[in-house]
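Enquirer: So the sequences go chain by chain: A and B.
To convert, note that position 27 of the first sequence is 351 in the numbering used here; the numbers rise steadily by one, no gaps.
To convert, note that position 54 of the second sequence is 1438 in the numbering used here; the numbers rise steadily by one, no gaps.
For glycine and all other residues, C-beta sits at the position ideal for the given N, C-alpha and C.
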Amino acid sequence: MKNNLLAFALILGSLLVNGSKAQTAAADNKPSQSITFHSIPKGPAVYGVFQGRTPGREIVAQLQLPATANDDKLKWSLTLYRHPHTLHPTTYSLSVVGAGDIVQQEGSAYRQKLYEGKWTIITGMPSNPAAQVYRLELGRPAAYFYLLKGDENVLFMVDENKKYRVGNEFFSYTLNRVELVPGNK
Amino acid sequence: MTIDVSFYPGWLPHGNLPEMKAMNQRKFVFTASLLLFIVAAACSQAKEPGGSSVTGVFVASTPCSQGTRPLPGIPAGAGCELITWHLTLYGDGSGKTPSTYILHCVYGLPKQGTPGFIGGGEKLDMEGKWTISKGVPSNPGATVYQLTDNKTNKTMSFLKLSDDLLHLLDSHQRLLIGTAAWSYTLNRVGRKYTGNK
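1. With distances taken Cα to Cα, identify the nearest neighbour of Leu1531(B) among Ser1436(B), Ser1437(B), Cys1448(B) and Leu1455(B).
2. Check whether the segment 1557-1572 of chain B and the segment 1434-1452 of chain B touch, using three or more Cβ-Cβ pairs below 8 Å as the test.
3. Where does Glu382(A) fall in DSSP's three states?
4. Excluding sequence positions up to five away, which residues of its chain have a Cβ less than 6 Å from the Cβ of Gly1457(B)?
5. Excluding sequence positions up to five away, which residues of its chain have a Cβ less than 8 Å from the Cβ of Thr447(A)?
6. Taking all protein chains shown into account, decide if Asp1547(B) is buried (16 or more other Cβ within 10 angstroms of its Cβ) or exposed.
7. Per DSSP, Trp1566(B) is paired with what?
8. Ignore the nearest five residues each way along the sequence and tell me which others in Leu404(A)'s own chain have a CB closer than 6 Å to its CB.
9. Flag Ser417(A) as yes if its beta-carbon sits less than 8 Å from any beta-carbon of chain B, otherwise no.
10. Does the separation of the CB atoms of Asp1533(B) and Thr348(A) fall below 8 Å?
11. So, is the C-beta of Gln429(A) closer than 8 Å to a C-beta in chain B?
12. Count the other CB atoms, across all protein chains shown, that sit within 10 Å of the CB of Phe361(A); report buried if there are 16 or more and exposed otherwise.
13. Terminal residues of the continuous beta strand (DSSP E) containing Ala433(A)?
14. Please confirm whether Asn492(A) has its beta-carbon closer than 8 Å to some beta-carbon of chain B.
15. Pairs of beta-carbons, one from the segment 1462-1477 of chain B and one from the segment 1489-1508 of chain B, closer than 8 Å: are there three or more?
16. Which chain A residues sit within Cβ distance under 7 Å of Thr1548(B)?
17. Within 10 angstroms of the Cβ of Thr1468(B), are there 16 or more other Cβ atoms? Answer buried if so, exposed if not.
18. Kindly say whether Asp475(A), judged by its beta-carbon, lies nearer than 8 Å to any beta-carbon of chain B.
19. Tell me the DSSP bridge mates of Leu460(A)?
20. Give the interface partners of Leu1487(B) over in chain A, defined as CB-CB distance under 9 Å, in chain order.
21. When burial is assigned at 16 or more other CB atoms within 10 Å of the CB, is Asn508(A) buried or exposed?
22. Roughly how many angstroms separate the alpha carbons of Thr498(A) and Leu1493(B), rounded to a whole number?
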């Protein structure tokens, strides 16, 4: 009888123990390096650089950019600055490659739109009244671009009504903090 | 269901001790084997029997974190920079209670200028059960989907951002950080973005 109970307990115990975690260890979850051939913003006023690739079609409409024949994706690079002492948001610079003005380079051309302006942090979106949302002024009256703060390293693009945007099998509407490193020219 | 296994050695005259010990050992082995068989049979059912419905299908192209990988079955030394995901979540008849999932992935090195992989990539399939839990360290009210792999018994966690978006978490339940090229957000298939609606 005792042996039966022991056998049962051993089997039950092996089932009840939580499965070990499969996902990336926290120590390996860190910003990746991103090569740039531009000057790298540095100093305590730089809050962070966030990059990502998103689907193009719907967001081009939000930004009032001309639709292009090849608008399957956009490449984003957002630099957020803040006051070095108060840590309050100050200005941003945003590069969107894949839409906007034509830029000629040796042997090829691409489209790019550059934005600069002020940014602030507001609270609340329809699905989450406590959400922290970064609001970027686009330079037109009452025209803003919104990003939901996932955490210090991950931002989610939301639309004009602060609703989530849904990506596709190739790209999401997510920007990730990166560490810029100089490329070899 | 209850199982009652009993032996009655009372007919043995004067209780022959060596034979009783041998019988007890056989009893132990039989009981353990029976229990193992029952458990194995239960665990082998990855798919819900008839009556289950698809709760959602989510797709993504994500990076492949260096060091520990986002998925079990990807060797640490494998050439992996990109993973494509096709995740189907099943629920009960109404789809509200989680039951099982099937995950089809391809991983490998991306083929420049295409959404594909060099050499076609390596396939990785997983299936098992999924559950819903509450809370991550940064948000006690967050909804987390936990998927357990039948083969390895390892779990993966996703933060539910919305009905249409899931985001992969690390071992400390923090959002996985993507790269300049790809992110760890999974997107629902079939629910078209409706903008202002």
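Expert: By the coordinates alone:
1. For the purposes of this step, residue 1531(B) is taken as the residue at position 147 of the second sequence. It is Leu1455(B).
2. yes
3. The residue you call residue 382(A) lines up with position 58 of the first sequence. Reduced to three states, the DSSP call for Glu382(A) is helix.
4. For this step, residue 1457(B) is matched to residue 73 along the second sequence. Leu1508.
5. Residue numbering aside, residue 447(A) sits at position 123 when the first sequence is read from its first letter. For Thr447(A), where only same-chain residues beyond five positions count, the Cβ hits under 8 Å are Pro453, Ala454, Ala455, Gln456 and Val457.
6. Translated into the one-based positions of the second sequence, residue 1547(B) becomes position 163. Answer is exposed; the Cβ neighbour count stays below 16.
7. On the second sequence, residue 1566(B) is found 182 positions in, with the first residue counted as 1. Partner(s): none; Trp1566(B) has no beta bridge.
8. Position 80 of the first sequence holds residue 404(A). Around Leu404(A): Tyr371, Gly372 and Tyr416.
9. The sequence position of residue 417(A) within the first sequence is 93, counting from 1. Closer than 8 Å: no.
10. Position 149 of the second sequence, counted from the start, is the residue given in the question as residue 1533(B). Position 24 of the first sequence, counted from the start, is the residue given in the question as residue 348(A). No, Cβ-Cβ distance for Asp1533(B) and Thr348(A) is not below 8 Å.
11. Taking the first residue of the first sequence as 1, we reach residue 429(A) at position 105. Closer than 8 Å: no.
12. For this step, residue 361(A) is matched to residue 37 along the first sequence. Counting Cβ neighbours within 10 Å, Phe361(A) comes out exposed, since fewer than 16 surround it.
13. Within the first sequence, numbered from 1, the residue matching residue 433(A) stands at position 109. Taken as a continuous stretch (DSSP letters only), the beta strand (DSSP E) holding Ala433(A) covers Ser432 to Met449.
14. By one-based count along the first sequence, residue 492(A) stands at place 168. By this cut-off, Asn492(A) is an interface position.
15. yes
16. Position 164 of the second sequence, counted from the first residue, corresponds to residue 1548(B). Sequence inspection shows Asp at residue 1548(B); the Thr mentioned does not correspond to that position. Near Asp1548(B) (Cβ distances below 7 Å), the residues of chain A are Tyr488 and Val490.
17. Locating residue 1468(B) in the second sequence gives position 84, counting from the first residue. Buried is the call here.
18. Looking up residue 475(A) in the first sequence gives position 151. Taking Cβ atoms only, chain B reaches closer than 8 Å to Asp475(A), which makes this a yes.
19. Taking the first sequence and counting its residues from 1, the one referred to as residue 460(A) is at position 136. Leu460(A) is bridged to Trp443(A) and Phe469(A).
20. In the second sequence, the residue the question calls residue 1487(B) occupies position 103. Under the 9 Å cutoff, chain A gives no residues; its nearest Cβ is about 11 Å from Leu1487(B).
21. Looking up residue 508(A) in the first sequence gives position 184. Exposed, since its Cβ has fewer than 16 Cβ neighbours within 10 Å.
22. Walking along the first sequence from the start, residue 498(A) turns up at place 174. Walking along the second sequence from the start, residue 1493(B) turns up at place 109. Cα to Cα, the separation comes out at about 21 Å.
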